[in-house]
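In my numbering, the protein residues as written are 45 to 182. Inspection log for the structure reproduced underneath, given as structure tokens.
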Amino acid sequence: MNLIESNLQVVANRWPTIFEQLNNTDTTKYEVSAEDNTLVINNIQLTSNVNRVAEAKLQASRIEASSTKTFIYGPALGDTVREVLKKNNITKVHVVIMSKLVFLHSLSILSQQDWLEDQRCELHLFNTINEVFFPFCA
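See the structure below:
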């Protein structure tokens, strides 16, 4: 089983409705390439190519230490989700997929199973969230 199949298997098991929508996404509309530490879609870098983990730590630091839940708008390559999950008080991380296409491509280049399997994570599609929830990072 390759990376995307392994990652999607977790999505299918935990969020079958999201899996169905991802499965029906046309991934041929964009030019995608992996570049050193990031994903490039239509010549736009998805994350920092210098030190994406440092950027993820910066984003995660914006969530107060006392917060028990948070929202992450756009999981990118999963680095911010991983950093937020390291916080001691976090009991729920709502991860909102802003682009099905970007999410699918990120699933194809890196294992995301660690955070996808974490029971504190809840996955949502952008069109099911009607407002911006706090605290959040993007």
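The beta-carbon is built from N, C-alpha and C at its ideal position, and this holds for glycine as well.
Is it buried or exposed for Val-146, if we count other Cβ within 10 angstroms and need 16 for buried?
Burial call: buried.
In three-state DSSP terms, what is Leu-83?
For Leu-83, the three-state secondary structure derived from DSSP is strand.
Do you know offhand how far Ser-143's Cα is from Leu-52's?
15 Å
Would you say Leu-121 and Val-54 are within 8 Å of each other, going by their C-beta atoms?
no
Report all residues from its chain with a CB closer than 6 Å to the CB of Gly-118; omit the five preceding and five following residues, and keep chain order.
Met-142, Ala-182
Go ahead and label Gln-163 buried or exposed: buried means 16 or more other beta carbons lie within 10 angstroms of its beta carbon, across all protein chains shown.
exposed
Please name the residue, chosen from Glu-175, Thr-124, Asn-87, Lys-136, that lies closest to Ser-185 on a Cα-to-Cα basis.
In the structure as shown, the chain starts at 45 and stops at 182, and residue 185 therefore has no counterpart that could be examined.
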